Amino acid sequence: MTYDNFKNLVKTTRSTRRFLPNIEIKKEELEEIIDLVRVTSSAKNMQPLKYVTVTNKDLVKKIATTAKWAAHLSLWNQKEEEQPSAFIIVINDSSIDGFAMVDCGISLQTIILGLKIKGYAACPMASLDKELCIKEFSLGKNLKPMLAIAIGKEAEVLNIVVPKDDTNYYRNEKDEHCVPKRELNDVLLGSF
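Residues are numbered in this note's numbering as their position in the sequence shown, beginning at 1, plus a constant of 225.
Below, the structure is given as structure tokens:
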């Protein structure tokens, strides 16, 4: 892969909140992604993260309908026909001394980029119903759900735009999802 290919992959991998209906994602595809993410970097190499893959339609629907989908879009809510086809739930095993938030960021980006290469879109969400996950997956006291990754085939146009007043994402007049991203000179503090 060239740097330009990688750059394009990163720029076109956006958080998707509208998915095409009736797309089947096999659990083996998600297990393949988890098998990849398990070998990524881990702070102190403690590897505190665990995962649950969800492809059961009823359970996917239950997780999707109890989640909050777009904090900055107060007038928008996901329609049933826009729900994802699968989820990966990221879980911290608190019995392992590690830096779960650091590892979560590393694994999240790896999972989402891997899904994009496989032709899927994703949306990381911390607003999942954690108690529902604990109950549905029979998680022990040391296993704490951190976030969910909604997965499916993209059914919306996503645009990176230059921020005007803030970085809140929004829908434009065509109902396209717009994501303001700061310019390089706003984030690069210097080169010494």
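We put the CB at the ideal spot given by N, CA and C, even for glycine.
Note that this is a predicted model, so its numbers are computed, not measured.
| Check | Outcome |
| --- | --- |
| Sufficient close CB pairs (3 or more, under 8 angstroms) joining the region 372-390 to the region 236-248 | yes |
| Closer than 8 angstroms to chain B by CB, V315 | Annotation note: the requested chain B is absent from the structure, which comprises a single protein chain. |
| Extent of the continuous beta strand (DSSP E) run through M371 | L368 to G377 |
| Reduced DSSP category for A268 - H, G, I as helix; E, B as strand; rest coil | helix |
| Span separating the alpha-carbon of S299 from that of P349 | 18 angstroms |
| Beta-carbon proximity list for V185, same chain, < 8 angstroms, skipping 5 on both sides | The first residue shown for the chain is 226 and the last is 417, placing residue 185 beyond what the model contains. |
| A268 beta carbon less than 8 angstroms from that of D322 | no |
| Exposure of I342, with buried meaning 16 or more beta-carbon neighbours within 10 Å | exposed |
| Option in Q272, I337, I258 and A296 with minimal Cα separation from V235 | I337 |
| Buried versus exposed, by CB contacts within 10 Å (16 or more), H402 | buried |
| Those residues which DSSP pairs with I314 across a bridge | V277 and A373 |
| Spatially closest choice to N281 from E249, S416 and L413, by CA coordinates | E249 |
| Residue burial classification, Y228 (beta-carbon count within 10 angstroms, cutoff 16) | exposed |
| For I359 and K275, the rounded distance between their alpha carbons | 13 angstroms |
| For L357, three-class secondary structure by DSSP | helix |
| Whole-Å CB distance - A380 paired with L245, under 8 angstroms assumed | 5 angstroms |
| Top-ranked residue by Cα proximity to A292, from A351, L383, Y395 and P405 | A351 |
| Assumed close pair P370, I314 - CB separation to whole angstroms, cut-off 8 angstroms | 6 angstroms |
| Buried versus exposed, by CB contacts within 10 Å (16 or more), I288 | buried |
| Close beta carbons around K355, own chain, < 7 angstroms, minus the five adjacent residues each side | P370 |
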